[in-house]
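Quick notes on the structure that follows.
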Amino acid sequence: MPKIVLEGLVKRYGSIEVLHGIDLEMQENEFTVFVGPSGCGKSTTLRMIAGLESVTEGEIYVDGKPVSHLEPKARDLAMVFQDYALYPHMNVAKNMSFALRLQRRPKAEIDEKVSAVAATLGLTPYLNRKPGALSGGQRQRVAMGRALTRDSATFLFDEPLSNLDAKLRGEMRAELALMSERVQKNMIYVTHDQIEAMTLADRIVVMNGGYIQQQGSPEELFKHPVNKFVAGFLGMPPMNFLDGVISNRDGKAFVEGAGFSIALPPEKTAVALSHPAKDVTLGIRPSDLVYDPAARDEHALSLSIVVSEYIGAQTVLLCDCGGQKVEVELKSTIPIDKSGQLRFAINPEGIHLFDQKTENAL
Amino acid sequence: MSIAIRANRLTPYMFMAPAVLILVVALLYPIGYMVYASFLDWSPSQRIGEADFVGLRNYANLLTDEAFRESFWVTIKFASVVVTLEMIIGVGLALLLDRNIRGMSMLRTIFILPMMIAPIVVGLMWRYMYHPTVGIFNRTLKSLGFEEGIPWLSDSTWSFVAVVIADVWQWTPFIFILSLAAMQSLPRSALEAAEIDGATGWQKIWMIKLPLMMPVLIVTLLLRLIDAFKVLEVILVLTNGGPGLSTEIVALRIFRTAQEFQELGEAAAMSNSLLMLLMALTIGMFVFNKIQEGRAERMRLAANQEAH
Numbered sequence: 036m037p038k039i040v041l042e043g044l045v046k047r048y049g050s051i052e053v054l055h056g057i058d059l060e061m062q063e064n065e066f067t068v069f070v071g072p073s074g075c076g077k078s079t080t081l082r083m084i085a086g087l088e089s090v091t092e093g094e095i096y097v098d099g100k101p102v103s104h105l106e107p108k109a110r111d112l113a114m115v116f117q118d119y120a121l122y123p124h125m126n127v128a129k130n131m132s133f134a135l136r137l138q139r140r141p142k143a144e145i146d147e148k149v150s151a152v153a154a155t156l157g158l159t160p161y162l163n164r165k166p167g168a169l170s171g172g173q174r175q176r177v178a179m180g181r182a183l184t185r186d187s188a189t190f191l192f193d194e195p196l197s198n199l200d201a202k203l204r205g206e207m208r209a210e211l212a213l214m215s216e217r218v219q220k221n222m223i224y225v226t227h228d229q230i231e232a233m234t235l236a237d238r239i240v241v242m243n244g245g246y247i248q249q250q251g252s253p254e255e256l257f258k259h260p261v262n263k264f265v266a267g268f269l270g271m272p273p274m275n276f277l278d279g280v281i282s283n284r285d286g287k288a289f290v291e292g293a294g295f296s297i298a299l300p301p302e303k304t305a306v307a308l309s310h311p312a313k314d315v316t317l318g319i320r321p322s323d324l325v326y327d328p329a330a331r332d333e334h335a336l337s338l339s340i341v342v343s344e345y346i347g348a349q350t351v352l353l354c355d356c357g358g359q360k361v362e363v364e365l366k367s368t369i370p371i372d373k374s375g376q377l378r379f380a381i382n383p384e385g386i387h388l389f390d391q392k393t394e395n396a397l
Numbered sequence: 002m003s004i005a006i007r008a009n010r011l012t013p014y015m016f017m018a019p020a021v022l023i024l025v026v027a028l029l030y031p032i033g034y035m036v037y038a039s040f041l042d043w044s045p046s047q048r049i050g051e052a053d054f055v056g057l058r059n060y061a062n063l064l065t066d067e068a069f070r071e072s073f074w075v076t077i078k079f080a081s082v083v084v085t086l087e088m089i090i091g092v093g094l095a096l097l098l099d100r101n102i103r104g105m106s107m108l109r110t111i112f113i114l115p116m117m118i119a120p121i122v123v124g125l126m127w128r129y130m131y132h133p134t135v136g137i138f139n140r141t142l143k144s145l146g147f148e149e150g151i152p153w154l155s156d157s158t159w160s161f162v163a164v165v166i167a168d169v170w171q172w173t174p175f176i177f178i179l180s181l182a183a184m185q186s187l188p189r190s191a192l193e194a195a196e197i198d199g200a201t202g203w204q205k206i207w208m209i210k211l212p213l214m215m216p217v218l219i220v221t222l223l224l225r226l227i228d229a230f231k232v233l234e235v236i237l238v239l240t241n242g243g244p245g246l247s248t249e250i251v252a253l254r255i256f257r258t259a260q261e262f263q264e265l266g267e268a269a270a271m272s273n274s275l276l277m278l279l280m281a282l283t284i285g286m287f288v289f290n291k292i293q294e295g296r297a298e299r300m301r302l303a304a305n306q307e308a309h
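Here's what the structure looks like:
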């Protein structure tokens with residue numbers, strides 16, 4: 036299976052530049068997920084790889100060969116679209132076999148392929164139905180089946196699950212993960228949903244404003260975000276940010292702000308003290324805040340509850356810390372006094388520091 | 002039942018009454034009048050009450066009337082030829098122009114100009130262009146070395162060609178504009194999927210675009226067909242049905258039967274025959290629509306049942 040490389044990819048519509056030079060290497064059989072907010076350029080990048088959008092500058096290499104001048108059909112890829120893009124006038128079998136029929140493959144081979152793929156996706160009873168007579172989830176499966184039947188080297192997914200309801204989306208996500216393990220192909224997947232990205236990806240590429248913010252394994256990005264955007268985008272509930280100032284007390288580094296004064300762990304001390312700017316943002320994920328009434332001041336936040344959202348086993352508390360918002364998660368069974376101050380100990384490994392101006396991690 | 006409730010029940014009908022009244026006066030009365038007249042031997046000098054009732058004689062006469070049968074044949078030939086040409090050219094143009102061209106909206110307006118010109122004017126315009134000596138066509142042919150020129154309106158074959166050209170010129174835009182609209186509402190992503198699946202430009206047209214446009218194309222075709230059967234003014238001005246009966250379509254025949262031959266009863270019978278033919282086409286269109294809707298409905302139901 037080929038290795039796909041993007042080199043200095045730029046896209047302009049007239050005078051508006053929407054992609055500012057994308058450099059990326061995707062390994063063989065890797066599941067790459069492009070994730071980012073609407074308009075970040077992730078879909079455009081995918082459509083350029085597919086050949087549906089022209090490349091303004093830069094080049095796309097598949098196994099070392101430049102392909103940006105090739106028609107989509109010459110690039111050996113299959114694509115699943117957000118709105119499924121099924122052919123409404125063809126039944127499921129015809130939809131799935133369209134590419135093979137265009138290639139004039141023998142009928143026996145086509146039938147065999149279609150029924151094999153239909154069986155794995157549970158589509159066998161619907162082969163004679165037209166897309167109009169299928170539910171959303173079934174259409175999604177047909178779109179997937181159409182891509183699978185083709186046996187292409189690379190699969191492209193453009194927000195394939197975003198038109199499904201939450202329950203179905205979860206199911207399909209699991210099936211997709213299974214499928215990617217089974218077929219062992221290059222998968223390039225675009226989504227705005229960070230949960231899809233985290234669960235499916237071998238490599239996550241976080242994009243914003245036409246730039247790649249960071250790329251790497253889900254764990255790498257979750258644990259070591261390079262800037263405030265990546266830190267805030269991945270993880271649910273999102274990371275809390277508290278503005279403060281670095282201070283030096285007898286060689287120990289503290290971050291001080293309205294309502295808190297937190298001691299930094301030893302491994303962060305050197306970077307924090309040598310950093311030229313003193314104005315920083317402290318980043319702490321809700322999962323790194325542990326309810327502990329006995330925690331010491333320099334390792335804890337004192338919070339007053341603004342809103343409490345009961346979601347079953349967990350309760351999400353939206354709290355106030357000296358005028359800044361902080362979200363924490365708590366087991367619903369822990370008895371708390373909702374009117375008073377609550378103390379949450381900070382997991383020292385979960386402390387992230389960002390420069391307030393550049394928003395880059397320290 | 003109290004009066005109030007009864008009045009309530011009548012309310013909708015009272016609101017409908019004006020429309021029904023207009024429909025009866027403007028549509029049903031003239032048609033009924035025409036149907037009644039088709040059973041009479043009636044000349045314009047008589048009041049309708051004085052005319053003799055002749056039963057189905059007018060219709061029986063039509064069957065043996067060589068000239069009427071000829072004009073019926075001419076009409077069918079004319080309608081099928083022009084509608085076929087217009088469909089091919091109109092859809093072809095739409096396929097060619099279905100892209101983002103600068104000034105497309107301007108182009109579209111120019112394209113539909115012929116439709117906006119009054120048919121009488123179109124007829125006059127083309128009559129001058131077809132003129133044997135000073136018309137633009139023969140003058141151009143002459144400058145190209147064809148001294149003879151073409152007897153556009155004086156030869157029975159050429160005059161048929163001439164009226165076909167004029168009609169195609171006027172009504173192709175209608176099909177063009179409808180098929181362009183249909184084409185631009187096709188799902189973009191299905192076409193992109195076809196591109197990725199490896200379809201060439203032609204394959205996209207034959208296997209995706211045309212099948213998806215088919216419902217619109219069929220309705221367009223039927224609308225145009227109904228219209229083509231009723232065409233009158235352009236041909237009246239261009240050839241007045243001649244030479245001989247070569248371009249005398251039924252509408253023109255009816256017009257002349259009433260005006261020149263003063264046979265109102267017979268003209269009414271002809272009108273009724275044409276009406277019945279058009280009715281058959283309209284019902285055909287209606288049934289087609291019903292079938293389409295029914296199919297869509299069944300599909301929706303099936304899909305909903307799956308979902309629950």
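Here the protein sequences come in this chain order: A and B.
Quick note: the first sequence uses the numbering used here, first residue 36, plus one each step.
Quick note: the second sequence uses the numbering used here, first residue 2, plus one each step.
Don't be surprised by glycine CBs; every beta carbon is placed ideally from N, CA and C.
Quick caveat, the model's predicted, so the values are computed rather than measured.
Less than 8 angstroms between CB atoms is the rule here; does M184/B satisfy it with respect to chain A?
Residue contact with chain A for M184/B: absent (no Cβ-Cβ distance below 8 angstroms to any residue of chain A).
Using C-beta distances below 7 angstroms, list every residue in its chain close to T283/B, excluding the 5 sequence neighbours before and after it, in chain order.
Excluding positions up to five away in sequence, the list reads I227.
Using only CA atoms, which one of D237/A, G244/A, F264/A and N262/A lies nearest to G251/A?
Comparing Cα-Cα distances from G251/A to each of D237/A, G244/A, F264/A and N262/A, the minimum goes to D237/A.
Within-8 angstroms CB hit, Q359/A to chain B:
For Q359/A, the answer is no, since every Cβ of chain B falls outside 8 angstroms of its Cβ.
Do the segment 210-227 of chain B and the segment 82-99 of chain B make contact, defined as three or more Cβ pairs closer than 8 angstroms?
Three or more Cβ pairs drawn from the segment 210-227 of chain B and the segment 82-99 of chain B lie within less than 8 angstroms of each other, which places the two stretches in contact.
So with Cβ pairs under 8 angstroms, would you call M17/A a contact of chain B?
The question about residue 17/A has no answer, for chain A in this structure spans 36 to 397.
Pick out whichever of A298/A, R320/A, A288/A and A307/A has its Cα sitting closest to the Cα of L269/A.
Answer by Cα proximity: R320/A.
Whole angstroms are fine: how far does the CA of L365/A sit from the CA of I340/A?
Their backbone Cα atoms lie some 12 angstroms apart in a straight line.
Would you list the residues sitting across from P166/A in a DSSP beta bridge?
P166/A is not bridged to any residue.
For A191/B and A120/A, which I take to be in contact (beta-carbon distance under 8 angstroms), what is that distance rounded to the nearest angstrom?
The beta-carbon distance between A191/B and A120/A, rounded to whole angstroms, is 5 angstroms. This is short enough to meet the 8 angstroms contact definition.
Under 9 angstroms (Cβ pairs) to chain A, residues found in the segment 267-294 of chain B
Residues passing the 9 angstroms Cβ filter: none.
What's the C-alpha gap between T76/B and L24/B?
In a straight line, the C-alpha of T76/B is about 29 angstroms away from that of L24/B.
Q117/A vs D193/A beta-carbon contact at 8 angstroms
Contact: yes.
Between which two residues does the alpha helix (DSSP H) containing I51/A stretch?
Judged by DSSP secondary structure, I51/A falls outside any alpha helix (DSSP H) and instead within the beta strand (DSSP E) spanning I51 to M61.
Would the beta-carbon of A266/A fall within 8 angstroms of that of P260/A?
The Cβ atoms of A266/A and P260/A lie closer than 8 angstroms to each other.
For the beta strand (DSSP E) holding K263/A, just list the boundary residues, first then last.
Premise fails: K263/A lies in the alpha helix (DSSP H), K263 to F268, not in any beta strand (DSSP E).
Closer than 7 angstroms at the beta carbon, the chain B residues around G124/A
Note on residue identity: the sequence assigns His, not Gly, to residue 124/A. Correct list: P212 and L213.
Residue ranges of each beta strand (DSSP E) within the segment 13-53 of chain B, 3 or longer:
Restricting attention to beta strand (DSSP E) runs no shorter than 3 residues, the segment 13-53 of chain B encloses none.
Less than 8 angstroms between CB atoms is the rule here; does F192/A satisfy it with respect to chain B?
So no, F192/A is outside the interface.
Count the other CB atoms within 10 Å of the CB of W153/B; is the residue buried (16 or more) or exposed (fewer)?
Per the 10 Å Cβ criterion, buried.
Partners in chain B for Q138/A, counting only beta-carbon separations shorter than 9 angstroms:
Ordered by position in chain B, the residues that pass the 9 angstroms Cβ test against Q138/A are G199.
Which stretch, first to last residue, makes up the beta strand (DSSP E) that contains K360/A?
Segment Q359 to K366, the beta strand (DSSP E) holding K360/A.
CA nearest to the CA of E148/B, picked from T158/B, S155/B, F161/B and T134/B:
Relative to E148/B, the option among T158/B, S155/B, F161/B and T134/B whose CA is nearest is T134/B.
Can you tell me which of the three DSSP states F289/A falls into?
Secondary structure at F289/A: strand, using DSSP grouped into helix, strand and coil.
Quick one: give me the first and last residue of the beta strand (DSSP E) that F192/A is part of.
If you look at F192/A, you'll find it in the beta strand (DSSP E) that goes T189 to D193.
Judging by CA-CA distance, which residue of Q376/A, G385/A, L353/A and D327/A is the nearest neighbour of I369/A?
Comparing Cα-Cα distances from I369/A to each of Q376/A, G385/A, L353/A and D327/A, the minimum goes to D327/A.
Taking 8 angstroms as the cut-off, decide whether the C-beta atoms of V123/B and V232/B are in contact.
No, the Cβ-Cβ distance between V123/B and V232/B is not below 8 angstroms.
Beta-carbon contacts of P383/A that lie in its chain and below 7 angstroms, excluding the five residues immediately before and after:
Non-local C-beta neighbours of P383/A in its own chain, meaning closer than 7 angstroms and more than five positions away in sequence, comprise P300, ordered along the chain.
For C354/A, list the residues DSSP reports as bridge partners.
Paired residue(s): I340/A and V361/A.
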